[in-house]
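So the protein lines, in turn, are chains A and B.
Using the numbering used here, the first residue of the first sequence is number 1, and each one after it goes up by one.
Using the numbering used here, the first residue of the second sequence is number 196, and each one after it goes up by one.
Number of protein chains: 2
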Amino acid sequence: MNDLLRKSIELYSGQSLSEECALQFNAFVFEKTLDKKALLLEAGQSCNYIFFVLSGSCYSYLADRKGDTQVVQFALEGYWISDLASFFSGNKSTYSIECLEPTKVLMMNKAAFEQACSAMPILERYFRVLIQNAYVSMQYRMAKTTSEEAEDRYTEFATRHPDFMQRIPQYLIASYLGIQPQSLSRIRKQLASKR
Amino acid sequence: MNDLLRKSIELYSGQSLSEECALQFNAFVFEKTLDKKALLLEAGQSCNYIFFVLSGSCYSYLADRKGDTQVVQFALEGYWISDLASFFSGNKSTYSIECLEPTKVLMMNKAAFEQACSAMPILERYFRVLIQNAYVSMQYRMAKTTSEEAEDRYTEFATRHPDFMQRIPQYLIASYLGIQPQSLSRIRKQLASKR
DNA sequence: CGGGCAGATTAACCTATGTTAATAAATGAA
DNA sequence: TTCATTTATTAACATAGGTTAATCTGCCCG
Numbered sequence: 001m002n003d004l005l006r007k008s009i010e011l012y013s014g015q016s017l018s019e020e021c022a023l024q025f026n027a028f029v030f031e032k033t034l035d036k037k038a039l040l041l042e043a044g045q046s047c048n049y050i051f052f053v054l055s056g057s058c059y060s061y062l063a064d065r066k067g068d069t070q071v072v073q074f075a076l077e078g079y080w081i082s083d084l085a086s087f088f089s090g091n092k093s094t095y096s097i098e099c100l101e102p103t104k105v106l107m108m109n110k111a112a113f114e115q116a117c118s119a120m121p122i123l124e125r126y127f128r129v130l131i132q133n134a135y136v137s138m139q140y141r142m143a144k145t146t147s148e149e150a151e152d153r154y155t156e157f158a159t160r161h162p163d164f165m166q167r168i169p170q171y172l173i174a175s176y177l178g179i180q181p182q183s184l185s186r187i188r189k190q191l192a193s194k195r
Numbered sequence: 196m197n198d199l200l201r202k203s204i205e206l207y208s209g210q211s212l213s214e215e216c217a218l219q220f221n222a223f224v225f226e227k228t229l230d231k232k233a234l235l236l237e238a239g240q241s242c243n244y245i246f247f248v249l250s251g252s253c254y255s256y257l258a259d260r261k262g263d264t265q266v267v268q269f270a271l272e273g274y275w276i277s278d279l280a281s282f283f284s285g286n287k288s289t290y291s292i293e294c295l296e297p298t299k300v301l302m303m304n305k306a307a308f309e310q311a312c313s314a315m316p317i318l319e320r321y322f323r324v325l326i327q328n329a330y331v332s333m334q335y336r337m338a339k340t341t342s343e344e345a346e347d348r349y350t351e352f353a354t355r356h357p358d359f360m361q362r363i364p365q366y367l368i369a370s371y372l373g374i375q376p377q378s379l380s381r382i383r384k385q386l387a388s389k390r
């Protein structure tokens, strides 16, 4: 089993993963390699997989009212990404997922997910905690977004995610923060002149 | 067992709840009645419970940078509300929860939550799906918030939650939407004149 | 090595929302 | 009922961020 994944499982489940489980897990997933700009998922299709990023990076997005890209999530190595609503319901996905770099992912479909969770309680717990944490930080981020200005949001993002800053183009970070690339440029300039 | 709760469990777990489970569940929770403006939770304390609203309504909020109230969630009858980060970690809560009306809640502490989930798989599943859905809609709401204008957000909120509109003061809805009460007033006026 | 394209910056102007302050309407307690 | 308090509205002005458009930078690929 991939080391990143093992660490993720042990970290979030709070338990250590037996060799046996690790082997069993491998039977439920498969690996895929994608080029930069390749799509892991296209909005409108049903999302049949959850993806674990082994190397590279990708992001999910939707088209807003005006047809512009609205970034929803970034995923570097060690992150899971998917359109969960579609994955769990089988309905058409609202998001697309695109690779930012050449990317390797592990893929797991719904049947495998259900089976793996039933077979290994540690996984059931792992995914529950993962989603729980994602929900909690989403809720917090939402509160910050509605109460703070773009400059503060950018500063917090840059502080929290220095690794993202290196590898993700600014115009996508701007979208994620809910502003135009031009505005982000302006904000960066202001911040630079403050020091 | 309360009927709202039974329906919620059956709806989200996708299974029907046996009489036996229903009785067993009751041993894990207790009821509390609160006045309007009473606090279910005060920011800074540890959040020891999750609350299921039986009647009345409440909302969670935090103080933003300027010390203003930033609404995080509303909960009418049939909703769960808590500070999950604090509930699961035991750390101090970032949110407060206040009753909007005289309110009756069911309360469940962490030990009870863990026990109940272990004892009854239907509950484990219920809470997982509940959080999963909450996460999914939070992510979607976030994308809408960063890409759409206040007017659209208000219209969508009003359409999706006509029940909230009747019972929640406008200045709290404004906070939830990330705008000032004055701006919401202005937006409502514009919308009214459009018809 | 050089042309083309994606990404970033800059600037001028525009608009939605914030701010401040005053008033009005609704609610609730005595 | 009346008064006090909370909530909602209105208006004038300020500003963060959007829009448009032009320029700049770097880098990928032929």
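We put the beta carbon where it would ideally sit given N, CA and C, even for glycine.
- At 7 Å on the CB atoms, spell out the chain B contacts of A/VAL136, in chain order. What you label residue 136 of chain A is simply residue 136 of the first sequence in a count that begins at 1. Neighbours of A/VAL136 on chain B, chain order: LEU279 and ALA280.
- Starting from A/TYR49, trace the beta strand (DSSP E) both ways and give me its first and last residue. Here the question's residue 49 of chain A lines up with position 49 in the first sequence. Unbroken beta strand (DSSP E) run through A/TYR49: 49-55.
- Message: Once DSSP output is grouped into helix, strand and coil, what is the label at A/ASN91?
- Response: Numbered from 1 along the first sequence, position 91 holds the residue referred to as residue 91 of chain A. In the three-state scheme derived from DSSP, where H, G and I count as helix and E and B as strand, A/ASN91 is classed as coil.
- Task: Please report how far the alpha carbon of A/ARG188 lies from the alpha carbon of B/GLU309, in whole angstroms.
- Result: As a working mapping, residue 188 of chain A is identified with position 188 in the first sequence. As a working mapping, residue 309 of chain B is identified with position 114 in the second sequence. Between A/ARG188 and B/GLU309, the C-alpha separation is close to 46 Å.
- Between the beta-carbon of A/LEU54 and the beta-carbon of A/GLU77, is there less than 8 Å? The count along the first sequence starts at 1 and reaches residue 54 of chain A at position 54. The count along the first sequence starts at 1 and reaches residue 77 of chain A at position 77. Yes.
- Determine whether the Cβ of A/LEU11 lies closer than 8 Å to any Cβ atom of chain B. Here the question's residue 11 of chain A lines up with position 11 in the first sequence. Not closer than 8 Å to any Cβ of chain B, the Cβ of A/LEU11 fails to qualify, so no.
- Query: B/THR341 bridges to which residues according to DSSP?
  - Reply: As a first step, residue 341 of chain B is located in the second sequence; it is residue number 146 there, counting from the start. B/THR341 pairs with nothing; no bridge assigned.
- Query: What does A/VAL72 reach in chain B if we use C-beta pairs closer than 7 Å?
  - Reply: For the purposes of this step, residue 72 of chain A is taken as the residue at position 72 of the first sequence. GLN334 and ALA338, listed in chain order.
- Message: Here's the rule: buried if 16 or more other CB atoms are within 10 angstroms of the residue's CB, otherwise exposed. What is B/GLN361?
- Response: In the second sequence, counting from the first residue as 1, residue 361 of chain B sits at position 166. It is exposed - the Cβ of B/GLN361 has fewer than 16 other Cβ atoms within 10 Å.
- What number of angstroms, rounded off, separates the C-alpha of B/ILE317 from the C-alpha of B/GLN377? What you label residue 317 of chain B is simply residue 122 of the second sequence in a count that begins at 1. What you label residue 377 of chain B is simply residue 182 of the second sequence in a count that begins at 1. Between B/ILE317 and B/GLN377, the C-alpha separation is close to 46 Å.
- Task: Examine the ligand COA and report whether any of its heavy atoms sits within less than 7 Å of the Cβ of B/ALA233.
- Result: The ligand COA is not among the ligands present in this structure, which contains no ligands whatsoever.
- In chain A, which residues lie less than 7 Å from B/SER241 when you measure between Cβ atoms? The residue given as residue 241 of chain B occupies position 46 in the second sequence. None at all; the shortest Cβ gap to chain A is about 15 Å.
- Take the Cβ of A/PHE30 as the centre, count every other Cβ of all protein chains shown within 10 Å, and call the residue buried at 16 or more, exposed below. Counting from 1 along the first sequence, the entry for residue 30 of chain A is found at position 30. Exposed, since its Cβ has fewer than 16 Cβ neighbours within 10 Å.
- Query: For B/ASN286, does the count of other Cβ atoms within 10 angstroms reach 16, so buried, or fall short, so exposed?
  - Reply: In the second sequence, counting from the first residue as 1, residue 286 of chain B sits at position 91. Exposed.
- Task: Decide yes or no for the touch test of the region 155-172 of chain A against the region 357-372 of chain B: beta carbon pairs closer than 8 Å, at least 3 of them.
- Result: no
- Apply the 10 Å Cβ neighbour rule to A/ASP3 and answer buried if 16 or more other Cβ atoms are within range, or exposed otherwise. What you label residue 3 of chain A is simply residue 3 of the first sequence in a count that begins at 1. Label assigned to A/ASP3: exposed.
- My understanding is that A/TYR256 touches A/SER13, with C-beta atoms under 8 Å, so please give their C-beta distance in whole angstroms. This structure leaves residue 256 of chain A out entirely; chain A is present only between 1 and 195.
- Residue-level contact to chain A via CB, B/GLY209, 8 Å cutoff: Translated into the one-based positions of the second sequence, residue 209 of chain B becomes position 14. Taking Cβ atoms only, chain A never reaches closer than 8 Å to B/GLY209, which makes this a no.
- Message: Only counting the same chain, and skipping five residues up and downstream in sequence, which positions put a Cβ closer than 8 Å to that of B/GLU401?
- Response: Because chain B here runs from 196 to 390, residue 401 of chain B falls outside it and cannot be looked at.
- Closer than 8 Å by beta-carbon distance: list the chain A residues that pair up with B/ILE326, in chain order. Within the second sequence, numbered from 1, the residue matching residue 326 of chain B stands at position 131. The contacting residues are ARG128, ILE131, GLN132 and TYR135.
- Message: Do A/ILE9 and A/SER60 have their beta-carbon atoms positioned less than 8 Å apart in this structure?
- Response: Locating residue 60 of chain A in the first sequence gives position 60, counting from the first residue. Locating residue 9 of chain A in the first sequence gives position 9, counting from the first residue. No.
- Message: So within the region 122-176 of chain A, which uninterrupted alpha helix (DSSP H) runs reach at least 4 residues, ignoring any that extend past its ends?
- Response: 150-160 and 162-167
- Message: Here's the rule I'm using: 16 or more other beta-carbon atoms within 10 Å means buried, otherwise exposed. How should A/LEU40 be labelled?
- Response: Looking up residue 40 of chain A in the first sequence gives position 40. Buried, because 16 or more other Cβ atoms sit within 10 Å of the Cβ of A/LEU40.
- Item | CB contact flag (B/MET333, A/GLN70, <8 Å) | Position 138 of the second sequence, counted from the first residue, corresponds to residue 333 of chain B. Position 70 of the first sequence, counted from the first residue, corresponds to residue 70 of chain A. Not a contact, by the Cβ cut-off of 8 Å.
- Task: Determine contact between the region 45-54 of chain A and the region 296-315 of chain B, defined as no fewer than three beta-carbon pairs at a distance below 8 Å.
- Result: no
- Cα separation between B/MET337 and A/SER185? The residue you call residue 337 of chain B lines up with position 142 of the second sequence. The residue you call residue 185 of chain A lines up with position 185 of the first sequence. Cα to Cα, the separation comes out at about 22 Å.
- Message: Looking at chain B, is there any beta carbon in it that lies within less than 8 Å of the beta carbon of A/ASP226?
- Response: What is shown of chain A runs 1 to 195, which leaves residue 226 of chain A out entirely.
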